[in-house]
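Going down the list, the sequences are from chains A and B. For the first sequence, position 102 matches number 186 in this note's numbering, and the numbering has no gaps at all. For the second sequence, position 80 matches number 494 in this note's numbering, and the numbering has no gaps at all. Just so it is clear, CB atoms sit at the ideal spot from N, CA and C, and this is done for glycine as well. Comments concern the structure below.
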Amino acid sequence: EAQVTQNPRYLITVTGKKLTVTCSQNMNHEYMSWYRQDPGLGLRQIYYSMNVEVTDKGDVPEGYKVSRKEKRNFPLILESPSPNQTSLYFCASRGLAGTGTGELFFGEGSRLTVL
Amino acid sequence: AQSVTQLGSHVSVSEGALVLLRCNYSSSVPPYLFWYVQYPNQGLQLLLKYTTGATLVKGINGFEAEFKKSETSFHLTKPSAHMSDAAEYFCAVRGATNTGNQFYFGTGTSLTVIP
Numbered sequence: 085e086a087q088v089t090q091n092p093r094y095l096i097t098v099t100g101k102k103l104t105v106t107c108s109q110n111m112n113h114e115y116m117s118w119y120r121q122d123p124g125l126g127l128r129q130i131y132y133s134m135n136v137e138v139t140d141k142g143d144v145p146e147g148y149k150v151s152r153k154e155k156r157n158f159p160l161i162l163e164s165p166s167p168n169q170t171s172l173y174f175c176a177s178r179g180l181a182g183t184g185t186g187e188l189f190f191g192e193g194s195r196l197t198v199l
Numbered sequence: 415a416q417s418v419t420q421l422g423s424h425v426s427v428s429e430g431a432l433v434l435l436r437c438n439y440s441s442s443v444p445p446y447l448f449w450y451v452q453y454p455n456q457g458l459q460l461l462l463k464y465t466t467g468a469t470l471v472k473g474i475n476g477f478e479a480e481f482k483k484s485e486t487s488f489h490l491t492k493p494s495a496h497m498s499d500a501a502e503y504f505c506a507v508r509g510a511t512n513t514g515n516q517f518y519f520g521t522g523t524s525l526t527v528i529p
């Protein structure tokens with residue numbers, strides 16, 4: 085089954101304690117992206133990657149890091165989480181090959197609370 | 415830059431009534447347009463998309479949307495609301511070139527269906 089898998093789904097942590105949210109897709113997609121969803125603000129892009137070893141900032145990258153060492157994985161790293169990073173996070177992927185419409189496929193979300 | 419405006423952050427309809435969720439976009443080039451639905455505690459899933467061709471697009475669960483270039487709109491409709499339609503709906507726009515174009519999401523519309 086084609087899917088984007090995120091872990092953990094739920095996490096409560098404390099300020100300053102490094103954490104990583106993993107994302108893996110099994111569709112051989114070149115493009116992967118992280119979004120955060122906050123009430124009234126919709127989805128805002130944090131980082132994206134067009135392919136292995138190619139990453140770029142989205143609209144709200146401050147306080148986050150990413151890496152893309154393998155095509156299927158795109159972890160989101162919070163080196164020193166702060167309460168304003170409490171949010172619902174989504175990983176998404178899409179194919180870039182050919183003339184496909186390239187709609188985004190989303191994971192089920194990771195709800196992060198930083199105390 | 416592209417942007418998406420969803421009028422009405424909350425919409426309530428009676429079961430069996432028409433559903434109309436509004437989406438306007440700004441884009442300097444012909445866009446690709448998408449509607450996604452998010453059920454509670456789930457990720458976003460594609461409802462329908464407009465790429466090229468017919469401007470009236472049919473999606474899953476009886477939803478449809480019409481691309482009106484002159485009005486820069488892509489409103490989502492369903493003739494008869496069902497209780498299971500209660501969810502958050504997001505409109506998104508992307509440039510027509512598959513590579514190198516980001517998705518821009520509206521802030522979402524929460525649909526409530528009243529029995």
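| said: Run through the DSSP bridge pairs and tell me what LYS482/B is partnered with. | reply: SER487/B
| Pick from LEU460/B, PRO445/B, THR469/B, THR523/B that is closest to ALA500/B, judged by C-alpha positions | THR523/B
| request: Determine which residues of the region 453 to 475 of chain B have a Cβ less than 8 Å from any Cβ of chain A, and write them out in chain order. | output: ASN455, GLN456, GLY457, LEU458, GLN459, LEU460, LYS463, THR465
| Short Cβ contact (8 Å threshold) for LEU481/B with LEU461/B | Position check: residue 481/B holds Phe in this sequence, whereas Leu was assumed. No, the Cβ-Cβ distance between PHE481/B and LEU461/B is not below 8 Å.
| 8 Å Cβ cutoff, THR521/B in contact with chain A | yes
| From the beta carbon of LEU103/A, is the nearest beta carbon of chain B less than 8 Å away? | no
| query | How long is the line joining the alpha carbons of ARG152/A and HIS496/B, rounded to whole angstroms? | reply | 42 Å
| field | Cutoff 8 Å: LEU162/A Cβ touching any chain B Cβ | value | no
| Given that GLU187/A touches chain B, what residues does it touch there, using C-beta distances under 8 Å? | PHE448, LEU460, LYS463
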